[in-house]
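For the sequence shown, my numbering gives the first residue as 314, with consecutive numbering after it. Built from N, CA and C at the ideal position, the CB exists for glycine as well. This structure is a prediction, so every number in the text was calculated from the model and none was measured. Notes follow the structure.
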Amino acid sequence: MSPVNGPVLSIVGARPQFIKLAPVHTALREGRLQHVIVHTGQHYDDDMSARFFRELKLPTPNINLGVKGGGHAVPTARMLMRIARTIEELKPALLIVYGDTTSTLAGALAGAQCGTRVAHVESGLRSYLRTQPEERNRVVADHLSTLLFAPTTSAVENLLREGISGGVHRVGDPMHDALSNWWPTASRRSLQIEADPFYFCTVHRAENTDDAQRLSRLLHLLAGLDAPVLMPLHPRTRRAFRRAGLLKKLQSLTPVQVCEPLGYLDTLRHIGGAAAVLTDSGGVQREAAWLGTYCLTLRSVTEWVETVEDGRNVLIDLDLDRARAALDRRPRRRRPKTSGTNASRRIAAIIRKAL
Ligand code: UDP
């Protein structure tokens, strides 16, 4: 078992994890916990990685494991070996993993195999579709963790259904803390699209990108909208459009303004300024909800069921008719709820007590 006086290690590797990490890092430091940031290398381009450390005023990761590249099995195996080696060297008291990526899975597995306690931030979310890599990653991480930080009541209920009740804490959502910290700055940024109104669109999930037919349906959907769309392209999505021979078609669609991935602050600004958001991102669905912007989710299920129950997030999959119908009955904008839930401070306090 790991010593109680070792550091707390955060394992991160992908864009949404850097955003979740930022408020948790601050809270751990405020709680006087020694915190070591380990970057697996999963996202490595400046605009998917280093930019977020600069924008969110995070220190450069203490360790970068340099595991670049897509796929699942090979990067998971490489990360597993390198995280295990890091654990042997640093003897951490606890490992924190975030969300549902390959880095989450490898971190949880390495911690469990090395006998180090694991805490999972954003625990208990379920789509109940095991074909999705995110679902497999989060299920395994939850079952290997001893501290499970659930953002919502439904997440706690999901864990209970799987027989997990010990170590579960409903703490709220660190992403809301990040938004709360950064919205005052983000709201002053300028828009990168002149049209008013406009829609904001992000797509990156394998279930949409890894299927040329679904990419065609997405093009059809975007072309049929009644206002211009700003669409920052995730590198995986750009590659997928190129592979399917559809990138030029996307770039020449009149209503769509394609751009490189945006930074966090610009993304919040555009979510907050858009007439509606179209996305398959978990983070963007919640940010739209907090910023009072109507959301059309480009999937048939969501883990963030509360946003749908609230009537402000509609699951349209990639169906243009459903998109039009949802936009026709869109509710009025709501005032943003930009003050966070203090989830990160709760997480730090629980970790401190547990150590
Ligand atoms: N995001 C960003 N730039 C973009 C698109 C998204 O900074 O061009 C942010 C977004 O505001 C949210 C996070 O990235 O905080 C969501 O990450 P992503 O969609 O990659 O993953 P998911 O949330 O689906 O796990």
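Helix or strand or just coil, what does DSSP make of Val337?
-> In the sequence shown, residue 337 corresponds to position 24, counting from 1. It is helical.
With a Cβ-Cβ cutoff of 8 angstroms, do Ile677 and Val321 count as a contact?
-> With the chain covering only 314 through 668, there is no way to say anything about residue 677.
So the beta strand (DSSP E) Tyr512 belongs to, where does it begin and stop?
-> Residue numbering aside, residue 512 sits at position 199 when the sequence shown is read from its first letter. Here the beta strand (DSSP E) through Tyr512 covers 512-515.
Burial state of Asp523, where buried means 16 or more other Cβ atoms lie within 10 Å | Counting from 1 along the sequence shown, the entry for residue 523 is found at position 210. Under this definition Asp523 is an exposed residue.
Name the DSSP bridge partner or partners of Gln570?
-> Taking the first residue of the sequence shown as position 1, residue 570 is located at position 257. Answer by DSSP bridge pairing, in chain order: Leu543.
Option nearest Ala639 by Cα separation, candidates Leu628, Leu422, Arg646 | Numbered from its first residue, the sequence shown carries residue 639 at position 326. Of the listed residues, the one whose Cα sits closest to Ala639 is Leu628.
Grouping DSSP H, G and I as helix and E and B as strand, with all else coil, what is Ala601?
-> Within the sequence shown, numbered from 1, the residue matching residue 601 stands at position 288. In the structure shown, Ala601 sits in a helix (DSSP, three-state: H, G or I).
Closer than 7 angstroms: His517 CB and nearest the ligand UDP heavy atom | For the purposes of this step, residue 517 is taken as the residue at position 204 of the sequence shown. It does: the Cβ of His517 is within 7 angstroms (strictly closer) of some heavy atom of the ligand UDP.
Residue from Ile396, Val434, Met392 with nearest C-alpha to Gln260 = Outside the shown range of the chain, which is 314 to 668, sits residue 260, and nothing can be said about it.
Anyone know if the C-beta pair for Leu609 and Leu559 falls short of 8 angstroms?
-> Counting from 1 along the sequence shown, the entry for residue 609 is found at position 296. Counting from 1 along the sequence shown, the entry for residue 559 is found at position 246. No, the Cβ-Cβ distance between Leu609 and Leu559 is not below 8 angstroms.
Chain D within 8 angstroms of Ser467, Cβ atoms only | In summary, chain D is missing from the structure at hand, where a single protein chain is found.
Under a criterion of Cβ closer than 5 angstroms to any non-hydrogen atom of the ligand UDP, which residues qualify, in chain order?
-> Arg328, Pro329, Ile332, Thr515, Pro545, Pro574, Leu575, Tyr577, Thr580, Ser594, Gly595, Gly596
What's the gap between the Cα of Ser500 and the Cα of Thr515?
-> Translated into the one-based positions of the sequence shown, residue 500 becomes position 187. Translated into the one-based positions of the sequence shown, residue 515 becomes position 202. Answer to the nearest angstrom: the Cα atoms are 19 angstroms apart.
Span of the alpha helix (DSSP H) around Val621 | Taking the sequence shown and counting its residues from 1, the one referred to as residue 621 is at position 308. Per DSSP, Val621 belongs to the alpha helix (DSSP H) from 618-622.
Anyone know if the C-beta pair for His352 and Leu341 falls short of 8 angstroms?
-> Position 39 of the sequence shown, counted from the first residue, corresponds to residue 352. Position 28 of the sequence shown, counted from the first residue, corresponds to residue 341. No, the pair does not count as a contact, with Cβ atoms beyond the cut-off.
Given Asp455 as reference, the closest of Thr444, Gln355, Leu473 once Cα atoms are compared = In the sequence shown, the residue the question calls residue 455 occupies position 142. Out of Thr444, Gln355, Leu473, Leu473 has the C-alpha closest to the C-alpha of Asp455.
Pair within 8 angstroms by beta-carbon distance, Ile477 and Gln570 = Residue numbering aside, residue 477 sits at position 164 when the sequence shown is read from its first letter. Residue numbering aside, residue 570 sits at position 257 when the sequence shown is read from its first letter. Going by C-beta atoms, Ile477 is not nearer than 8 angstroms to Gln570.
Starting from the C-beta of Leu494, find all residues in its chain whose C-beta is less than 7 angstroms away, skip the five residues before and the five after it, and write them out in chain order.
-> Locating residue 494 in the sequence shown gives position 181, counting from the first residue. Leu is not the amino acid found at residue 494; the sequence shown has Asn there. Closer than 7 angstroms at the Cβ level, and outside the excluded window around Asn494, lie Pro336.
Do Ile332 and Phe365 have their CB atoms nearer than 8 angstroms?
-> Residue 332 sits at position 19 when you count from the first residue of the sequence shown. Residue 365 sits at position 52 when you count from the first residue of the sequence shown. Yes, the Cβ-Cβ distance between Ile332 and Phe365 is below 8 angstroms.
Given 8 angstroms as the limit, is there contact between the region 478-490 and the region 461-468, that is, 3 or more CB pairs closer than that?
-> yes
Start and end of the alpha helix (DSSP H) containing Ile396?
-> Counted from its first residue, the sequence shown places residue 396 at position 83. First-last of the alpha helix (DSSP H) with Ile396: 386-403.
Name the residue from Gly595, Lys404, Arg451, Thr465 whose alpha carbon lies nearest to the alpha carbon of Val517.
-> Numbered from its first residue, the sequence shown carries residue 517 at position 204. In the sequence under discussion, the amino acid at residue 517 is His, which differs from the Val named in the question. Selected option, being the one with the closest Cα: Gly595.
Among Asn377, Ile409, Gly354, which has the Cα closest to the Cα of Thr667?
-> Walking along the sequence shown from the start, residue 667 turns up at place 354. Sequence check: residue 667 is Ala here, not Thr. If we check each option's Cα against that of Ala667, Ile409 comes out closest.
Is the number of C-beta pairs between the region 436-454 and the region 410-417 that are closer than 8 angstroms three or more?
-> yes
Contacts around Thr550, its chain only, beta-carbon distance under 6 angstroms, and the 5 residues preceding and following it disregarded | One-based indexing of the sequence shown puts residue 550 at position 237. The residues are Val516, His517, Thr522.
In terms of residue numbering, what span does the beta strand (DSSP E) encompassing Arg430 cover?
-> Translated into the one-based positions of the sequence shown, residue 430 becomes position 117. Where Arg430 is concerned, the enclosing beta strand (DSSP E) stretches over 430-434.
Own chain residues within Cβ distance below 8 angstroms of Tyr512, not counting five before or after | Walking along the sequence shown from the start, residue 512 turns up at place 199. So the list reads Leu538, Ala540, Pro541, Val542, Leu543, Ala587, Ala588, Ala589, Val590, Leu591, once near-sequence residues are dropped.
Of the residues Asp632, Gly319, Ser467, which one's Cα is nearest the Cα of Glu402?
-> Numbered from its first residue, the sequence shown carries residue 402 at position 89. For the residues Asp632, Gly319, Ser467, the minimum Cα distance to Glu402 belongs to Gly319.
Starting from the Cα of Leu532, find the closest Cα among Ser362, Leu393, Leu631 and give me that residue.
-> Working through the sequence shown from its first residue, we reach residue 532 at position 219. Ranking the options by Cα distance to Leu532, first place goes to Leu631.
Please name the residue or residues paired with Leu628 in a DSSP beta bridge.
-> Taking the sequence shown and counting its residues from 1, one reaches residue 628 at position 315. BP columns for Leu628 point to Thr610.
Taking 8 angstroms as the cut-off, decide whether the C-beta atoms of Asp509 and Ser657 are in contact.
-> Within the sequence shown, residue 509 is the residue found at index 196, counting from 1. Within the sequence shown, residue 657 is the residue found at index 344, counting from 1. No.
Once you ignore the five residues that flank Val614 on each side, which residues in its own chain have a CB closer than 8 angstroms to its CB?
-> Sequence index remark: in the sequence shown, residue 614 carries index 301 (1-based). So the list reads Ser440, Tyr441, Leu442, Leu628, once near-sequence residues are dropped.
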